[in-house]
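Protein sequence lines, in the order shown, are assigned to chains H and V.
Residues in the first sequence are numbered consecutively from 0, following numbering that gives the first Met the number 0.
Residues in the second sequence are numbered consecutively from 0, following numbering that gives the first Met the number 0.
Scroll down for the structure; my scribbles are underneath it.
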Amino acid sequence: MEMAGTTRTPEVKINSSSCAITGECYPEDISEFSGPVMEALRDNLNSSDSFTVTVELYYFNSSSAKFLFDFFEYLDKTGKEKQIQVIWKYRTEDDAMEEAGSEFEEDMENVSFSLEAIN
Amino acid sequence: MENETLKLHELMISRGTFFCYSGPLSEEVLTSLSGAVKEQLSDSEDLPVVKKVFGIFVEQAQNIIRYSVDRLDQSGVGSVAISKTEKGFMIEAVNSIDSKNVDKLEEILKPLTAMNKDELKSAYKDRLRSGPPDGSRGAGLGFIEMARRSSKFDYDFLEHNANTYFIYRGWVE
């Protein structure tokens, strides 16, 4: 599954071994964006034993925070049965996205979650 | 000489307002405005400041779009402005609301004014876990998000011309 990025939604690529989300996320209606993403994530995770999720966001609004929370909650739940690795990438000087990543990390118990600074 | 255009110009310049939008605000308009706001901010400031100002701007704009009771099709009518002041950037918004919602907004906002950084973080996470409250068209996180991003904020409710106006101002140092 591939979704091209727009001004207000990130690019999403999901296959049987990985999921990559890159860009900004503050859509008009978050459910229109999150619905297909969660569906593709479920379908692909079902058929794989190990999975890597890379999230590189530059900005997300408060409505999208709820999507990300649900997204990571689902990964953490699934992480009990499968090997899941999450890489949260943020620009070195972007302390807001670094903080956001570490806050999601706090709630993760069953996946390997790492923060990675990029230039 | 009294000239309204000149008065508007001088008012904006004198208060350091470099961005202002007044009128019907839709998600499409917000998409366009976002580019302009980012462009204006990107020149002079460091990334964390830009992100905070932009984040507060988006939350304010979406509040107007979703909750202003003065409506035109899908748009909510209101004003949102960004100024450079002595106390840092000020991001301000005003729109009319239903007077019945004053107490509800007060109930949400009053506690936030007294919270420190850690308490705001807890409130944010609690809200994420519990889901949006009744009447929210988003995640119910907008005001907590703005409080977290601003160095300080204030708000007011004003009765004017038979309308109730909700005013919110946030500062980023």
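Here a beta-carbon is modelled for each residue, glycine too, at the ideal position from N, C-alpha and C.
Note that the coordinates shown come from a computational prediction; the quantities given were computed from them, not determined experimentally.
Could you tell me the alpha carbon to alpha carbon distance between residue i and residue j, rounded to whole angstroms?
i: tyrosine 167/V; j: aspartate 155/V; result: 7 Å
i: glutamine 84/H; j: serine 67/V; result: 42 Å
i: valine 174/V; j: valine 28/V; result: Residue 174/V is absent from the structure shown; chain V starts at 0 and stops at 172.
i: aspartate 45/V; j: aspartate 48/H; result: 42 Å
i: glycine 139/V; j: methionine 11/V; result: 32 Å
i: valine 48/V; j: valine 171/V; result: 7 Å
i: arginine 70/V; j: leucine 108/V; result: 24 Å
i: glycine 78/H; j: asparagine 94/V; result: 45 Å
i: glycine 130/V; j: aspartate 153/V; result: 25 Å
i: methionine 89/V; j: glycine 15/V; result: 9 Å
i: serine 149/V; j: serine 121/V; result: 16 Å
i: serine 135/V; j: proline 26/H; result: 16 Å
Compare the C-alpha of residue i against each of the options and name the closest.
i: tryptophan 87/H; options: Ala39/H, Gly78/H, Pro35/H and Thr21/H; result: Thr21/H
i: leucine 74/H; options: Ser61/H, Phe103/H and Glu92/H; result: Phe103/H
i: glutamine 73/V; options: Val79/V, Ile63/V and Thr84/V; result: Ile63/V
i: lysine 151/V; options: Phe17/V, Thr112/V, Gly130/V and Val52/V; result: Thr112/V
i: proline 35/H; options: Met107/H, Thr5/H, Glu1/H and Ser46/H; result: Glu1/H
Check residue i in the structure and name its three-state DSSP category.
i: arginine 148/V; result: helix
i: aspartate 125/V; result: helix
i: tyrosine 66/V; result: helix
i: glycine 34/V; result: helix
i: asparagine 94/V; result: strand
i: glutamine 73/V; result: coil
i: lysine 65/H; result: helix
i: alanine 19/H; result: strand
If the cut is a Cβ gap below 7 Å, which residues of chain A does residue i touch?
i: phenylalanine 68/H; result: Structure shown: chain A not included; protein chains present are H and V.
Note down, in chain order, each residue of its chain lying with its Cβ closer than 6 Å to the Cβ of residue i, except the 5 sequence neighbours on either side.
i: leucine 114/H; result: Trp87 and Gly100
i: tyrosine 57/H; result: Glu23
i: valine 11/H; result: Met2, Ile20 and Val36
Is it right to say residue i is buried, meaning 16 or more other beta carbons lie within 10 angstroms of its own, or is it exposed?
i: serine 21/V; result: exposed
i: asparagine 60/H; result: buried
i: glutamate 105/V; result: exposed
i: glycine 75/V; result: buried
Once you ignore the five residues that flank residue i on each side, which residues in its own chain have a CB closer than 7 Å to its CB?
i: serine 62/H; result: Ile29
i: proline 9/H; result: Ile20, Thr21, Gly22, Glu23, Cys24 and Leu56
Give every residue of the same chain whose Cβ lies closer than 8 Å to the Cβ of residue i, excluding the five residues on either side of it in the sequence, and list them in chain order.
i: arginine 90/H; result: Tyr57, Met96, Ala116, Ile117 and Asn118
i: valine 57/V; result: Leu29 and Ser33
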